[in-house]
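*Asks:*
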Amino acid sequence: MTDAANNGTGGDKGAPKIVDIFTDGACSGNPGPGGWGAILRYNGVEKELYGGEPATTNNRMELMAAIQALEALKRPMEVRLYTDSEYVKNGITQWIHGWKARGWKTADKKPVKNEDLWRRLDEAKRQHRIEFHWVRGHAGHPENERADALARQGVADVRQAARG
1 MTDAANNGTG GDKGAPKIVD IFTDGACSGN PGPGGWGAIL RYNGVEKELY
51 GGEPATTNNR MELMAAIQAL EALKRPMEVR LYTDSEYVKN GITQWIHGWK
101 ARGWKTADKK PVKNEDLWRR LDEAKRQHRI EFHWVRGHAG HPENERADAL
151 ARQGVADVRQ AARG
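Take a look at the structure:
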């Protein structure tokens, strides 16, 4: 039997299944090559995810980090998702309700930017209970700094692939 099974953090079937997720996006130029990074922590075990796209924006990469992290979860979980993007946090917790009510239009009747990713994030969060938390970027938050490094690795990989 593992220590986790004995200390009440994971071995008890009644214990909540809480995963902490830390996300970040990066872009070299906006638009330009971009990357996203995420750290998932569950029962003291961490998984790092990252990727990138050759032509994107910082906001799209921030969204992709959250989407990819949530889509990586294999079953419904309680999630605490930490992002340094007010765009992601406010968009998914506040603005999205109005966008949906207005047929994916903003308050001034313009199409919602990144609608494809907002829909995907909305779908990815449905099976989980999620608390979204904003953290100040580049302010010494260790997991945010690590997610940023992963996102920058995503940018580097995209650039390397473009060079052949």
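In UniProt numbering, the protein residues as written are 1 to 164. Just so you know, even glycine gets a beta-carbon here, dropped at the ideal spot from N, CA and C.
#1: Using a threshold of 8 Å, state whether the C-beta atoms of Gly32 and Tyr50 are closer than that.
#2: So, Leu63 versus Lys125, is the Cβ gap smaller than 8 Å?
#3: Which partner residues of Leu40 appear in the DSSP bridge assignment?
#4: Over what stretch of residues does the beta strand (DSSP E) that includes His138 continue unbroken?
#5: If you follow the beta strand (DSSP E) that Val112 is in, where does it begin and where does it stop?
#6: So, helix, strand or coil for Ala26, using DSSP?
#7: Who are the near neighbours of Val155 in its chain, counting only those whose CB is closer than 8 Å to its CB and skipping five residues on each side?
#8: Excluding the 5 residues flanking Asp12 on each side, which residues of the same chain have their C-beta closer than 8 Å to its C-beta?
#9: Does the distance from the C-beta atom of Leu73 to that of Phe132 stay below 8 Å?
#10: Can you tell me which residues form a DSSP beta bridge with Ile130?
#11: Gln68: buried (16+ other C-beta within 10 angstroms of its C-beta) or exposed?
#12: Who are the near neighbours of Arg152 in its chain, counting only those whose CB is closer than 7 Å to its CB and skipping five residues on each side?
*Replies:* The relevant details are as follows:
#1: no
#2: no
#3: Ile21 and Lys47
#4: Here His138 belongs to no beta strand (DSSP E), and DSSP marks it neither H nor E.
#5: No beta strand (DSSP E) contains Val112, which DSSP labels as neither H nor E.
#6: strand
#7: Ala26, Cys27, Ser28, Pro33, Gly34, Gly35 and Gly52
#8: Reliability fails at Asp12, whose pLDDT of 48 lies under 50, so the model's placement of it is uncertain and the value that follows must be treated cautiously. No residues qualify anywhere along the chain.
#9: no
#10: Val79
#11: buried
#12: Ala26 and Gly35
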